[in-house]
Amino acid sequence: MAQEARLLSVVLADVRARFRAAGLDTPDLDARLLVAEAAGLDPDRIVLGGDRPLDADECARAEALAARRLAGEPVGRILGRREFWGLTFRLSADTLEPRPDTETLVEAALALVRDRQALLRFADVGTGTGAIAVALLTELPNAAALAIDLAPGALATARENAVAAGVGSRFFPAVADFATTLAVGLDFVISNPPYIRTAEIGRLAEEVRRFDPLRALDGGADGLEPYRLIANEAFRALRHDGHLLVEIGWDQEGDVRSILGAAGFVEIGTRFDLGGRARVVSGRRPGSAER
Numbered sequence: 007m008a009q010e011a012r013l014l015s016v017v018l019a020d021v022r023a024r025f026r027a028a029g030l031d032t033p034d035l036d037a038r039l040l041v042a043e044a045a046g047l048d049p050d051r052i053v054l055g056g057d058r059p060l061d062a063d064e065c066a067r068a069e070a071l072a073a074r075r076l077a078g079e080p081v082g083r084i085l086g087r088r089e090f091w092g093l094t095f096r097l098s099a100d101t102l103e104p105r106p107d108t109e110t111l112v113e114a115a116l117a118l119v120r121d122r123q124a125l126l127r128f129a130d131v132g133t134g135t136g137a138i139a140v141a142l143l144t145e146l147p148n149a150a151a152l153a154i155d156l157a158p159g160a161l162a163t164a165r166e167n168a169v170a171a172g173v174g175s176r177f178f179p180a181v182a183d184f185a186t187t188l189a190v191g192l193d194f195v196i197s198n199p200p201y202i203r204t205a206e207i208g209r210l211a212e213e214v215r216r217f218d219p220l221r222a223l224d225g226g227a228d229g230l231e232p233y234r235l236i237a238n239e240a241f242r243a244l245r246h247d248g249h250l251l252v253e254i255g256w257d258q259e260g261d262v263r264s265i266l267g268a269a270g271f272v273e274i275g276t277r278f279d280l281g282g283r284a285r286v287v288s289g290r291r292p293g294s295a296e297r
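Position one of the sequence shown corresponds to residue 7 (the numbering used here), numbered consecutively onward.
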């Protein structure tokens, strides 16, 4: 059916009502983002333009985007981008969507840096969109990042995101399996690895199961195998007093702390996200005098 011109406010109200009726978690925000995309407007200013008429093509675009959301596709996938750390990251089929809770990992790393102007080298293991590494590079102007991922497509996307953020010259992508290719002498290693138990994949939300890459989710039978691999390889690659920081699942704090301890890390700590859940576990490689 051909779309007719309608006021933006009417289209927005209609999409919002349909999203609410469908029981979406954030119907108002989703409607605002998608209608703004269809109209070519800034989502923050869409309400101010409520009296603007949308032509037939814009209405058709809004309807098509709304239909994809109602079919279960996440907004970030529909738009092809996601905000993280105040930056915009392009998504692709090989990448997870960077989520707000992961900003806790960036905060934890920055809290360990005494001098943000220092020459630093770090690795981001399982970089995906590059969100973690790129966010850190924007805060650490003299740092360089080795960005590791098993999927070449993810690294291509991450490279584009680094260039778009103005840090491409300090962002070095590498195809590898976890931390096996890390050079020695790194100041810190950071990772948001796959940590979902294999048996739980089928019980994840439909949006995750259908649209996130399985490789970036499956952490093995107990969800902990990536941590064991990363902890041992990172310990080898870090300089003395260097740090490993990893994001964890909601029930993995004790296990991951034990894994870091078994690998030789000391001063193992936990950082909590805004919801009060344990989100990051970190540890320090001891200096030579401590061993």
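All residues carry an ideal CB built from backbone N, CA and C; glycine is no exception.
Check                                                                                          : Outcome
Helix, strand or coil at Arg38 according to DSSP, with G and I counted as helix                : helix
Local conformation of Ile254 per DSSP, three classes                                           : coil
CB contact flag (Leu250, Gly289, <8 angstroms)                                                 : yes
Own chain, CB closer than 8 angstroms to Ala19, minus 5 neighbours either side, in chain order : none
Three-state secondary structure (DSSP) of Thr276                                               : strand
Inter-residue CB distance, Leu3 and Ala45 (contact presumed, cutoff 8 angstroms)               : This structure gives no information on residue 3, because the portion of the chain shown stretches from 7 to 297.
Leu13 versus Ala23: straight-line alpha-carbon distance, rounded                               : 16 angstroms
Per-residue burial, Ala8 [other beta carbons within 10 Å of its own, 16 or more giving buried] : Because Ala8 carries a pLDDT of 48, less than 50, the predicted location of this residue cannot be relied on, and no value is offered for it.
Option in Thr32, Gly132 and Asp193 with minimal Cα separation from Ala243                      : Asp193
Contact set for Asp279: own chain, Cβ-Cβ below 6 angstroms, skip 5 residues either direction   : Asp107, Thr110 and Arg285
CB of Phe177 within 8 angstroms of CB of Ala151, strictly                                      : yes
Under the three-state DSSP convention, the category Leu93 falls into                           : strand
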